[in-house]
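Numbering (the working numbering), first residue to last: 3 to 497.
The C-beta atom is built at its ideal place from N, Cα and C for all residues, glycine as well.
Structural data, given as structure tokens:
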């Protein structure tokens, strides 16, 4: 270290800082603190001391610092720079020791990594670990939750943890849970009234400095008017906005007029507005609903980008829907496509589901192949038989040549659990559909048995031999007759 200090002492402070900025902050502090007064002063600069990730992250795993480094930080270095620290990233096994090593008067952000749910529940129900920090100063909290290793914990553990967090950190402005937490209670205000409440997170202040905002709500929400619109109207200087919403409504569809009146007119600086909005309207009377042409007309003066729309009516279920989205479409999935699908090219989409109360004909599947050239995952929900099935066998409908074999060149997952036999046949007859050699099929056993004529049909044999894995619903065990026909596929049975 003396040899290092002699070399460093020959450099001016500005050059030395530029060199040190290429190192990790903890390396700078560990190497320089305690060497001499000049290096102490440089290391105490907020450039190196304000943000400290005090753990090792390698190959997606977190681990504590080596004992020698951790001991020096806890016994000496943190005491020297504690008044400069604004953000700490910590892992579960060394967190308490680091937090209790000294006080942190200006700490405003915490990142907690490698925690399981049991540990998270423990530290937030017993706040002794946070006794050395000013909890009212914490405005940002990031928590990465590991898998829970099969431990049995309360089903509402997410609610418990969130409630304690909001109680402990009363001025929290930013809260981010790691992806492993997605299987538990979500912090979401689109699923029933909020169970957890934080006044600082929900209070609607004006946000004049916010220029870019993205809101994604994958679950259906009833709170478009009461929560989402009031929030957006605080962002009056917004320049870029993205909305992805699934909305339940008993009133009107959302169209171009609605977006202009309730959002755009409040944002004079907005120059980039993209969205993917689907509205479900529940109504016993499906008459006098707007046409797709009318919805499109409401976007005739929309200056941001091209807009596509699609309206569908489900007479049997008593509801209708309106889907409006910016085009080109950049999502990786497109769900609940009906026969009213407007077409287009969707080269980013990998996962598709088809649903309608009217049958899907051959031409529709050809259109899907053309619109989703990179689709990997397809689900079909339709219990209505095809009307043109017999005509299609002659390979000519309305003078249209239907001899083309439909190809989905990237399709590897095909879910036909809720599909009529005609669609199973559509995909398994090799003169209608080309399948890859590694296709995974999910289907009801009895339906597959009917379509393959008790696993003897030659027309479905070629595509069945291309299947890599078959999930059969409604059968307890396989038979030799079945396994021989589907060979070499891996077969699994589910109730």
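Opening and closing residue of the beta strand (DSSP E) in which residue i lies
i: residue 276; result: 274-284
i: residue 221; result: 214-223
i: residue 471; result: 469-475
i: residue 384; result: 379-384
i: residue 93; result: 89-93
i: residue 58; result: 58-60
i: residue 431; result: Premise fails: residue 431 is in no beta strand (DSSP E) and is neither H nor E.
i: residue 64; result: 63-65
i: residue 54; result: 53-55
i: residue 326; result: 321-329
As assigned by DSSP and simplified to three states, the class of residue i
i: residue 423; result: helix
i: residue 230; result: helix
i: residue 316; result: strand
i: residue 16; result: helix
i: residue 360; result: coil
i: residue 305; result: coil
i: residue 354; result: strand
i: residue 48; result: helix
i: residue 254; result: coil
i: residue 2; result: Limits of the chain in this structure are 3 at one end and 497 at the other, which puts residue 2 out of reach.
i: residue 144; result: strand
i: residue 265; result: coil
i: residue 492; result: strand
i: residue 337; result: strand
i: residue 77; result: helix
i: residue 409; result: strand
i: residue 24; result: coil
i: residue 349; result: coil
Residue i to residue j span [Cα, whole Å]
i: residue 214; j: residue 309; result: 21 Å
i: residue 315; j: residue 224; result: 20 Å
i: residue 421; j: residue 172; result: 51 Å
i: residue 218; j: residue 377; result: 22 Å
i: residue 56; j: residue 112; result: 11 Å
i: residue 125; j: residue 109; result: 18 Å
i: residue 444; j: residue 324; result: 29 Å
i: residue 34; j: residue 167; result: 36 Å
i: residue 2; j: residue 489; result: The requested residue 2 does not occur in the structure, where the chain is confined to residues 3 to 497.
i: residue 259; j: residue 357; result: 28 Å
i: residue 204; j: residue 229; result: Only weak support is given to the placement of residue 204: the predicted model assigns it a pLDDT of 47, under 50, and the question is left unresolved by the model.
i: residue 462; j: residue 468; result: 10 Å
i: residue 447; j: residue 423; result: 11 Å
i: residue 371; j: residue 385; result: 21 Å
i: residue 295; j: residue 254; result: 16 Å
i: residue 246; j: residue 233; result: 15 Å
i: residue 380; j: residue 493; result: 19 Å
i: residue 65; j: residue 30; result: 20 Å
i: residue 70; j: residue 141; result: 32 Å
Classification of residue i by the beta-carbon crowding that lies within 10 angstroms, buried from 16 upward
i: residue 283; result: buried
i: residue 20; result: exposed
i: residue 135; result: buried
i: residue 97; result: buried
i: residue 257; result: buried
heavy atom of the ligand MN below 7 Å from residue i C-beta
i: residue 407; result: No copy of the ligand MN occurs in the structure displayed, which carries no ligand at all.
Span of the alpha helix (DSSP H) around residue i
i: residue 485; result: 482-488
i: residue 499; result: Absent from the model: residue 499. The displayed extent of the chain is 3 to 497, so no value can be given.
i: residue 70; result: 69-74
i: residue 441; result: Element bounds for residue 441: not the alpha helix (DSSP H) but the beta strand (DSSP E), 441-446.
i: residue 124; result: 119-127
i: residue 33; result: 27-34
i: residue 108; result: From DSSP, residue 108 is part of no alpha helix (DSSP H); its letter is neither H nor E.
i: residue 299; result: 294-299
Three CB pairs or more closer than 8 Å across the region 420-431 and the region 443-460: yes
Three or more beta-carbon pairs under 8 Å between the region 65-84 and the region 102-119, yes or no? yes
Measuring CB atoms only, is the region 92-100 touching the region 38-53, in the sense that at least three cross pairs come out at less than 8 Å? no
Do the region 330-341 and the region 355-367 make contact, defined as three or more Cβ pairs closer than 8 Å? Contact between the region 330-341 and the region 355-367 is present: 3 or more CB-CB pairs across the two stretches fall below 8 Å.
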